[in-house]
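Peer 1: Got a structure for you, written out below as structure tokens; questions coming shortly.
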Amino acid sequence: MKREPSLQITQSGDHFSVALQGVWVKESIQKLELAFNTLTCQPKATYTIDLSRIKDFDTYGIMLILHHVKQLEAHDCTVEKIGASTSLEKLLSVCEMNYPKEKIQEPKEIFILSYLENVGKLAFEGYKTLATFFSFTGELAHFVLAAFLKPQTIRLKATLYHIEQSGAGALPIILLTSFLIGIVIAYQGATQLEKFGANIFIVEMVTISAVRELAPLLTAIVIAGRSASAYAAQIGVMKITDEVDAMSSMGFSPWNFLVLPRLFALIISLPLLVFFADIVSIFGGMVIATTKLDVSFVEFIDRIKATVALKHLIIGLIKAPIFGCIIATIGCFRGFQIDSSTESVGKYTTISVVNAIFWVIAMDAIISVLLTELGL
């Protein structure tokens, strides 16, 4: 018959000898608690726990022993365990390794130091991203130059495919946005021009603002939302599935196969889209001028020929390939930054759109300031 669990405690000054005996298993856990209640805890005392008389045990009994051992150690007591069998020693060591540790209270955060630390981290990450981007654009410039020196290396079919996807596929949304922009400009201008009887000046207002600024800018923003995100996601998924590495290992350049066709596609298609947006936005302005200011289509077109210089159209068309280059470069750059996690696909796709739109607007502002200073 198995012996009931019990403790035999002998004291000699500040030294306590605790002999555990009997069965230390789950079924006798309540008796074990009562047995340990007889053990008093004296700070900085020495306790020797004899485990040689334990007949049977399981994890519950061992964890109960460890619980009280930890309590003694918390009162600066010295605890020594002796007499454990081989199996008991193994289970005891496993339980000690996995014994729940008290959560260390983190020091109180100082706002100023935390803020400065975050600023430093952001600055360092920005520096790394900027350095990587300069490296990417430098390598891209090298491959573009190499492609012009060897035109036969340009993948014409891939370029035409991306022109169809990024250019022709965007025609419906460009049609809608450009028409509405022309309507908005003409409608807002008509309200003010009616007050002064200067209805005919609606032609210059709509035409110059549309072809020089709004049509190129809004077309580039729409394409940035469509194409920058698509380029980043496509290249990112190819990285996750190891298609980019497989391409490199087979001797095919990812630059020639992935980056250059997309870059050339936007540089070619964006001026065509901008010219289309110019026509549609002017038509939207003509509709409002006819219905609200009694300026007929013929009068509108004759006024354009007489007063609107061709330079405004040319300036808008010159901006378009610059915007296309920015959008394609940022989209491909962010795509190559995507790592093996699917979460990074959404992250860098979003970042590519935000970056592309920001730099398109910033470049438009820079060009406008330069042209104004040059008297153009």
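For the sequence shown, this note's numbering begins at 5 and goes up steadily by one.
All C-beta atoms, glycine included, are put in the ideal place defined by N, C-alpha and C.
Can you tell me which residues form a DSSP beta bridge with Gly26?
Peer 2: Ile58
Peer 1: Taking all protein chains shown into account, decide if Thr211 is buried (16 or more other Cβ within 10 angstroms of its Cβ) or exposed.
Peer 2: Looking at its Cβ environment, which holds 16 or more other Cβ atoms inside 10 Å, Thr211 is buried.
Peer 1: Taking Cβ to Cβ, would you say Val22 is nearer than 8 Å to Leu38?
Peer 2: no
Peer 1: In the DSSP output, what is His19 paired with across the bridge?
Peer 2: Ser16, Thr50
Peer 1: Throw me the rounded Cβ distance for the Gly240 and Gly339 pair, which I believe falls under 8 Å.
Peer 2: 5 Å
Peer 1: Where do the ends of the beta strand (DSSP E) carrying Val83 lie?
Peer 2: Element bounds for Val83: 82-86.
Peer 1: Of all the alpha helix (DSSP H) runs that stay within the bounds of the stretch 264-351, which reach a length of 4 or more residues?
Peer 2: 264-297, 301-311, 314-341
Peer 1: Buried or exposed, going by whether 16 or more other CB atoms sit within 10 Å of the CB of Gln2?
Peer 2: This structure cannot speak to residue 2, because the chain is shown only from 5 to 380.
Peer 1: Going by the beta-carbon positions, is the gap between Asn203 and Asp298 smaller than 8 Å?
Peer 2: yes
Peer 1: Taking the straight line between their C-alpha atoms, what separation do you get for Ala313 and Leu221?
Peer 2: 20 Å
Peer 1: Let me confirm a value: Tyr119 is counted as buried when at least 16 other C-beta atoms fall within 10 Å, else exposed. Which label applies?
Peer 2: exposed
Peer 1: Among Pro275, Val291, Ile206, which residue has its Cα nearest to the Cα of Val311?
Peer 2: Rather than Val, the amino acid found at residue 311 in this sequence is Thr. In this structure, Ile206 is the residue among Pro275, Val291, Ile206 with its C-alpha nearest to the C-alpha of Thr311.
Peer 1: Thinking C-beta only, is Ala162 closer than 8 Å to Pro265?
Peer 2: yes
Peer 1: Between Arg230 and the rest of its own chain, which residues show a CB-CB distance below 8 Å, the 5 nearest in sequence each way excluded?
Peer 2: Correct list, in chain order: Ser170, Gly173, Ala174, Ile177.
Peer 1: Between the alpha carbons of Met5 and Lys30, how many angstroms are there, rounded?
Peer 2: Legend: pLDDT at Met5 = 44, less than 50; position of this residue unreliable, no value from coordinates given.
Peer 1: Do Glu84 and Ile53 have their C-beta atoms closer together than 8 Å?
Peer 2: yes
Peer 1: Please state if the CB of Val358 and the CB of Ile330 are separated by a distance shorter than 8 Å.
Peer 2: no
Peer 1: Roughly how many angstroms lie between the CA atoms of Ile292 and Ile283, to the nearest whole one?
Peer 2: 15 Å
Peer 1: If we ignore side chains and look at the alpha-carbon of each, how far apart do Leu36 and Thr63 end up?
Peer 2: Looking at the two C-alpha atoms, the distance is approximately 13 Å.
Peer 1: Count the other C-beta atoms from every protein chain shown that fall within 10 angstroms of the C-beta of Lys384, then say buried if there are 16 or more, exposed otherwise.
Peer 2: Coverage of the chain is limited to positions 5 through 380, which leaves residue 384 absent and any answer about it impossible.
Peer 1: Check whether the Cβ atoms of Glu93 and Leu70 sit closer than 8 Å, and answer yes or no.
Peer 2: no
Peer 1: Less than 8 Å separating the beta-carbons of Ala324 and Leu378?
Peer 2: It is not a contact, given that the beta carbons lie outside the stated cut-off.
Peer 1: Check whether the stretch 344-362 touches the stretch 241-256, taking contact to mean three or more Cβ pairs, one atom from each stretch, closer than 8 Å.
Peer 2: yes
Peer 1: For Met2, does the count of other Cβ atoms within 10 angstroms reach 16, so buried, or fall short, so exposed?
Peer 2: The question about residue 2 has no answer here: the residues shown for the chain are numbered 5 through 380.
Peer 1: Beta-carbon separation of Ile33 and Leu55 under 8 Å?
Peer 2: In this structure, Ile33 sits away from Leu55, with a CB-CB distance that is not shorter than 8 Å.
Peer 1: Take the Cβ of His146 as the centre, count every other Cβ of all protein chains shown within 10 Å, and call the residue buried at 16 or more, exposed below.
Peer 2: exposed
Peer 1: Should Met254 be labelled buried (16 or more other beta-carbon atoms within 10 Å of its own) or exposed?
Peer 2: exposed
Peer 1: Measuring CA to CA, which of Lys199, Leu95, Phe327 is closest to Lys60?
Peer 2: Looking at the sequence provided, one finds Asp at residue 60 rather than Lys. Cα-wise, what sits closest to Asp60 is Leu95.
Peer 1: Using a 10 Å radius around the Cβ and a threshold of 16 neighbouring Cβ atoms, would you call Ile370 buried or exposed?
Peer 2: exposed
Peer 1: Using C-beta distances below 6 Å, list every residue in its chain close to Gly328, excluding the 5 sequence neighbours before and after it, in chain order.
Peer 2: Leu270, Ile271, Leu274
Peer 1: Is the separation between the beta-carbon of Thr82 and that of Tyr103 shorter than 8 Å?
Peer 2: no
Peer 1: Distance, Cα to Cα, Glu77 vs Ser89?
Peer 2: 23 Å
Peer 1: Note the first and the last residue of the continuous alpha helix (DSSP H) segment covering Val210.
Peer 2: 206-213
Peer 1: Report back the beta-carbon spacing between Phe137 and Phe337 to the nearest angstrom; my notes put them in contact at under 8 Å.
Peer 2: Right, their Cβ atoms sit about 6 Å apart.
Peer 1: Please name the residue or residues paired with Ser10 in a DSSP beta bridge.
Peer 2: Under the DSSP definition of a beta bridge, Ser10 partners with Gln25.
Peer 1: Go ahead and pull the three-state DSSP assignment for Thr133.
Peer 2: In the structure shown, Thr133 adopts helical secondary structure according to DSSP, grouped into three states.
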